[in-house]
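This report refers to the structure that appears directly beneath it.
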Ligand code: FAD
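In my numbering, the protein residues as written are 1312 to 1613.
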């Protein structure tokens, strides 16, 4: 068995594998797609100490750093179940079973897509998902936020301080965000809230130039000219494959303690698949390191 088996090859998993391997213990990492979400990211300006990089470039450096150590890298393999027997067993979709004395889950998350025409086409060309990451790219411009839950309204408040104007589109007849956030939002001069607004299309040529929505109250179609659209209808953790084996919160995020430990002894978790409050590259890397150190501590005690 591996001393540490990491499932997931994004920033959290890569960091966990490096921290584990540096303890001189047998380490493996299995990933459906090494690099994770950063493979879909263009500019990164908040990876501290690096003013600007691009996702695929950062993923290549992660892989190089991992391969500098004695780590078994198993790319393009998807885990389908986990079970604690003598060791912790992770079954892959190809039927193989990997064993670990400890396992670190770092399977990340994905932004829920709105699924309208233009979304996929203009991804990174005006369609964005992360206000902390991409907000500054829209300085002085007009943007929309799709989604009136907490994350949408937080994004709108955040963006209103950077961009010229924010239009919030909420499908339902009321915003779902906490009232303190709504009060803050309505106090801002450069925000318009559209309720009962069903997004129909994100329009553009080579990049986004507007959004078309249907007013569900009247059935009328409207078009707003703008340069950016932030889709904020939820971040979904990649944890379905765990079913009921491990404690998850109501969002499906794996519940961890300050050592990165989960509800199964010997199983740790890190990054966007956990109940960590914030989801960012630098935060996932930190939690990957925590989980590896937590796993090492567990190994020397058991
Ligand atoms: P992920 O990056 O999601 O990696 C998960 C890994 O697990 C992948 O290797 C995946 O293939 C693998 N996996 C999933 N399921 C399985 C399975 N069943 N079996 C095996 N492997 C599996 N953050 C910033 O800090 N700055 C930015 O500028 C920024 N921009 C972003 C732009 C976009 C478009 C997106 C989508 C995200 C952005 N983020 C940014 C967020 C950042 O990418 C994430 O917080 C970070 O990648 C999380 O790392 P992770 O390792 O926890 O998960």
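Note that the Cβ used here is the ideal one computed from N, Cα and C, for glycine as well.
- Closest by C-alpha distance to residue 1589, out of 1546, 1493 and 1365, is 1546.
- Distance between residue 1527 and residue 1504, taken at the CA atoms: about 14 Å.
- CA-to-CA, the gap between residue 1314 and residue 1598 works out to about 19 Å.
- In this structure, residue 1398 has its CB at a distance of at least 7 Å from all heavy atoms of ligand 1.
- Take the alpha-carbon of residue 1459 and the one of residue 1480: they are about 7 Å apart.
- Cα atoms of residue 1378 and residue 1321: separation of roughly 14 Å, rounded to the nearest angstrom.
- In this structure, residue 1495 has its CB at a distance of at least 7 Å from all heavy atoms of ligand 1.
- A straight line joining the alpha-carbon of residue 1488 with that of residue 1353 spans about 29 Å.
- Per DSSP, reduced to three states, the secondary structure at residue 1439 is strand.
- Taking C-beta atoms as the reference points, residue 1450 and residue 1474 count as a pair closer than 8 Å.
- Per DSSP, residue 1538 lies in no alpha helix (DSSP H) segment and is marked neither H nor E.
- For the options 1469, 1607, 1560 and 1384, the alpha carbon positioned closest to that of residue 1541 is the one of 1469.
- Counting only unbroken stretches of 3 or more residues, the beta strand (DSSP E) elements lying wholly within the segment 1381 to 1408 are 1382 to 1386, 1390 to 1395 and 1399 to 1403, in sequence order.
- Residue 1340: member of the beta strand (DSSP E) spanning 1338 to 1342, first to last residue.
- If only complete runs of 4 or more residues are kept, the segment 1314 to 1365 shows the alpha helix (DSSP H) at 1322 to 1332, in order along the chain.
- Less than 8 Å divides the Cβ of residue 1410 from the Cβ of residue 1400.
- Relative to residue 1486, the option among 1465, 1600, 1471 and 1501 whose CA is nearest is 1465.
- By the CB criterion at 8 Å, residue 1467 and residue 1537 fall outside the cutoff.
- The alpha-carbon of residue 1348 is positioned some 34 Å away from that of residue 1612.
- Counting C-beta pairs with one atom in each stretch, the segment 1353 to 1371 and the segment 1432 to 1450 have three or more that are closer than 8 Å, which means they touch.
- Distances taken from the Cβ of residue 1324 to the heavy atoms of ligand 1 include one shorter than 7 Å.
- For residue 1509, the closest C-alpha among the options 1551, 1366, 1553 and 1425 is that of 1425.
- A residue is called buried once 16 or more other Cβ atoms fall within 10 Å of its Cβ, and residue 1408, having fewer, is exposed.
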